[in-house]
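Student: Numbering (the numbering used here), first residue to last: 84 to 278. Here a beta-carbon is modelled for each residue, glycine too, at the ideal position from N, C-alpha and C.
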Amino acid sequence: MIDAKELLGTIASLLSIVGFAFYMPKMFSGQTKPHAFSWFVWSFTAIIVFATQVAGGAGPGAWLFAVEILGCSTVFCWALAYGEKGYTSSDWIALTLALLSLVSWITTKTLMPSVILITLVEVFGFFPTFRKSFDKPFEESAVVYALSPPKCLISLFAIEHYALTTTLYPIAIIILNTGFVTMLWIRRRQKQRIA
Numbered sequence: 084m085i086d087a088k089e090l091l092g093t094i095a096s097l098l099s100i101v102g103f104a105f106y107m108p109k110m111f112s113g114q115t116k117p118h119a120f121s122w123f124v125w126s127f128t129a130i131i132v133f134a135t136q137v138a139g140g141a142g143p144g145a146w147l148f149a150v151e152i153l154g155c156s157t158v159f160c161w162a163l164a165y166g167e168k169g170y171t172s173s174d175w176i177a178l179t180l181a182l183l184s185l186v187s188w189i190t191t192k193t194l195m196p197s198v199i200l201i202t203l204v205e206v207f208g209f210f211p212t213f214r215k216s217f218d219k220p221f222e223e224s225a226v227v228y229a230l231s232p233p234k235c236l237i238s239l240f241a242i243e244h245y246a247l248t249t250t251l252y253p254i255a256i257i258i259l260n261t262g263f264v265t266m267l268w269i270r271r272r273q274k275q276r277i278a
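1) When the Cα atoms are used, what is the spatial distance from Phe123 to Glu205?
2) Can you tell me the Cβ-Cβ gap for Ser121 and Gly262, rounded? I've got them flagged as a contact below 8 angstroms.
3) Here's a check: name, in chain order, each residue in its chain whose Cβ is nearer than 8 angstroms to the Cβ of Gly113, leaving out the five neighbours to either side.
4) Taking the straight line between their C-alpha atoms, what separation do you get for Ser224 and Asp86?
5) Could you say which of Val226, Thr250, Ala246 lies nearest to Ile237 if we only look at CA atoms?
6) Grab me the residues of Val227's own chain with a C-beta within less than 6 angstroms of its C-beta, minus the 5 sequence neighbours each way, in chain order.
7) Beta-carbon separation of Leu147 and Lys234 under 8 angstroms?
8) Alpha carbon to alpha carbon, how far is Ala255 from Thr179? Give it in angstroms, no decimals.
9) To the nearest angstrom, how far is it from the Cα of Ser231 to the Cα of Thr93?
10) How about Glu167 and Lys109: are their beta carbons less than 8 angstroms apart?
11) Would Ala241 pass as a contact of Gly139 if the rule is Cβ separation under 8 angstroms?
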């Protein structure tokens with residue numbers, strides 16, 4: 084019989100698969116233009132968060148991030164060739180800050196500072212997508228981001244050992260993606276009124 088934590092870990096992982104199932108066809112058709120910088124950072128943070136959560140005893144709560152590794156890496160590879168090409172100086176600054184935080188994470192030997200640094204990497208990595216989508220809100224699919232808060236919330240309930248090291252990152256993802264989807268919704272309405 085499946086245990087409740089395993090069921091929740093499975094549901095969170097399936098929500099991630101559904102999100103990517105909506106995102107990727109739009110990406111392949113050119114409707115959605117992912118920003119390679121963000122997806123590069125998210126690919127690495129998914130790997131690190133998965134490893135950190137496993138080390139911290141998250142159990143099935145970490146399964147979501149195993150799925151995220153595959154999805155984010157696929158989007159990153161596609162974005163290199165077909166994604167957003169208008170890299171601004173602020174995008175380069177955000178990428179540099181994310182990479183510097185990543186280097187700091189590598190040199191940090193204790194778990195809590197590592198989790199804080201990788202959460203900062205995620206925030207800096209989100210900036211290029213946020214900036215691009217503020218200007219071009221119809222070039223980003225909201226579904227993958229809208230599914231992120233519920234899947235992370237479910238993933239939180241699937242965690243076997245609760246600690247700041249296993250919960251901080253998913254909570255940050257909930258906040259970032261809720262803000263992003265809200266911004267997309269507002270900007271799309273504003274652009275429709277102008278048109």
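Tutor: Based on what the coordinates show:
1) Counting from one through the sequence shown, the residue named residue 123 turns up at place 40. Counting from one through the sequence shown, the residue named residue 205 turns up at place 122. Roughly 10 angstroms between the two C-alpha positions.
2) By one-based count along the sequence shown, residue 121 stands at place 38. By one-based count along the sequence shown, residue 262 stands at place 179. Not confirmed; about 14 angstroms, so no contact.
3) As a first step, residue 113 is located in the sequence shown; it is residue number 30 there, counting from the start. Contacts found: Tyr165.
4) Residue numbering aside, residue 224 sits at position 141 when the sequence shown is read from its first letter. Residue numbering aside, residue 86 sits at position 3 when the sequence shown is read from its first letter. Taking the straight line from one Cα to the other gives about 34 angstroms.
5) Here residue 237 refers to the residue found at position 154 of the sequence shown. The shortest C-alpha separation from Ile237 is found at Thr250.
6) If you number the sequence shown from 1, residue 227 lands on position 144. Cβ neighbours of Val227 beyond the five flanking positions: Gly102, Tyr106.
7) In the sequence shown, counting from the first residue as 1, residue 147 sits at position 64. In the sequence shown, counting from the first residue as 1, residue 234 sits at position 151. Yes, Cβ-Cβ distance for Leu147 and Lys234 is below 8 angstroms.
8) Taking the sequence shown and counting its residues from 1, the one referred to as residue 179 is at position 96. Taking the sequence shown and counting its residues from 1, the one referred to as residue 255 is at position 172. For Thr179 and Ala255, the distance between alpha carbons rounds to 20 angstroms.
9) Your numbering for residue 231 matches position 148 in the sequence shown. Your numbering for residue 93 matches position 10 in the sequence shown. Cα-Cα distance, rounded: 14 angstroms.
10) Residue numbering aside, residue 167 sits at position 84 when the sequence shown is read from its first letter. Residue numbering aside, residue 109 sits at position 26 when the sequence shown is read from its first letter. In this structure, Lys109 does not lie closer than 8 angstroms to Glu167 by Cβ.
11) Residue mapping note: residue 241 aligns to position 158 of the sequence shown, counting from 1. Residue mapping note: residue 139 aligns to position 56 of the sequence shown, counting from 1. Their beta carbons are not under 8 angstroms apart, which means Ala241 does not touch Gly139 by this criterion.
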